[in-house]
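Following the numbering used here, the numbering of the sequence shown begins with 1 at its first residue and continues without gaps.
Idealized CB from N, CA, C, for every residue including glycine.
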Amino acid sequence: MKRAKDSNVCAVISSALSFDDASFLLNFSNKYPRFVFVSLGWDPADLSIIKLFDEYCNFVKEHKNEIVGLGEVGLDFYYIRENVLRETQIKLFRRWIQFSKDLNLPLIVHSRSAGKYAVKILMEEDAERVVLHAYDGRPGWALKGVEHGYFFSIPTSVWHSIQKQKLVRLIPLDNMLLETDSPVLSPFKGRRNEPANIIYAARKIAEIKKITVEKVAEITTENALSLFNLSL
C-alpha cells in the first residue's frame with residue numbers, strides 16, 4: 001500500500017472470491033479508509049457456491065454499506081470445460097446479475113474464455129452498472145457491451161498483450177477503467193504484480209490512443225469514481 005501511494009495511486013478496489021477473502025478484506029480496508037475499497041464476489045470456477053449462495057448473499061447484504069461492488073463473479077470456461085458445469089455457471093451468473101440489481105451495486109465480471117457469453121447474458125438480463133475485468137474475448141462483443149454502457153477494465157498486461165492492445169484501440173476511453181489484477185497479469189512477465197504498477201496500463205493506453213498519460217488517468221479515474229460511487 002505504501003508503494004501504491006508513493007506511485008500516486010488514489011484508490012484500490014480489492015475483490016473477495018470467498019468467505020475467507022471477504023472477512024480479511026473487510027478488516028483490511030478499515031486500516032486504509034478512503035483508499036482501500038472492497039467488492040464481494042466468488043470465484044466463478046468454485047461451484048461450491050451452489051450450496052452457499054443464499055448464505056453468502058445474506059453475508060453481502062449484512063455488509064452492503066461497507067462495500068462498493070459485487071464481484072468478481074461470472075464465467076470461467078478456461079477451467080470449467082464440461083458443458084453441464086458451464087450451464088451451472090451460467091445459471092449462477094444470472095443470479096449474481098439479478099442480485100447486483102437488487103442491491104443497486106455495480107457488477108465486476110470475470111469472463112475468462114467466455115467473453116461472448118458473458119456480454120450476451122448481461123444484455124439478456126438487462127444489467128446496467130457493469131465492468132468486465134481483464135476481458136479476453138473478441139472486440140466485436142466488447143463493442144456490443146459498450147453500446148449498453150458497460151465498462152472494460154484494462155489490466156497492466158496490456159503492456160505486452162496483443163489482444164488487450166486490440167481492445168484498447170477499439171473501445172472508447174469513456175468506457176475504460178484501469179486495473180492490475182494483482183498479483184497476476186503483471187506488465188513484467190514472470191513477476192508478481194501489485195497496485196503500484198497501474199501506471200503501465202495508463203502508459204500503454206496513452207501510446208495506443210495517442211493521448212497523454214494524464215488524460216488517460218483523468219478519464220479512467222472519473223469513470224471509476226462514478227461507477228463505484230467512490231468518495232476519496
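By Cβ distance, which residues of its chain are closer than 6 Å to Leu92, with the 5 residues on each side in sequence left out? none
Taking Cβ to Cβ, would you say Ile198 is nearer than 9 Å to Ser7? yes
Beta carbon of Arg95, beta carbon of Phe53: below 9 Å? yes
At the level of alpha carbons, what is the spacing between Gly249 and Ser14? The structure shown does not extend to residue 249, since the chain spans only 1 to 232, so no value can be given for it.
For Pro195, which three-state DSSP category applies? helix
For Asn175 and Gly74, I'd like the C-alpha separation in whole angstroms. 19 Å
Segment contact, 8 Å Cβ cut-off, at least three pairs: the region 52-69 with the region 106-123: yes
What do you reckon, are the CB atoms on Ile97 and Leu122 nearer than 9 Å? yes
Using three-state DSSP, classify Leu122 as helix, strand or coil. helix
Quick test of the definition: if touching needs 3 or more C-beta pairs under 8 Å, does the region 45-52 touch the region 22-36? no
So, under 8 Å CB-CB, Pro155 and Asp181 are touching, yes? Tell me the CB distance rounded to an integer number of Å. 5 Å
Quick check: the Cα distance between Glu128 and Ser111, rounded to an integer number of angstroms? 17 Å
At what residue ranges does the region 88-158 contain a whole run of the alpha helix (DSSP H), taking only runs of 4 or more? 115-124, 139-147
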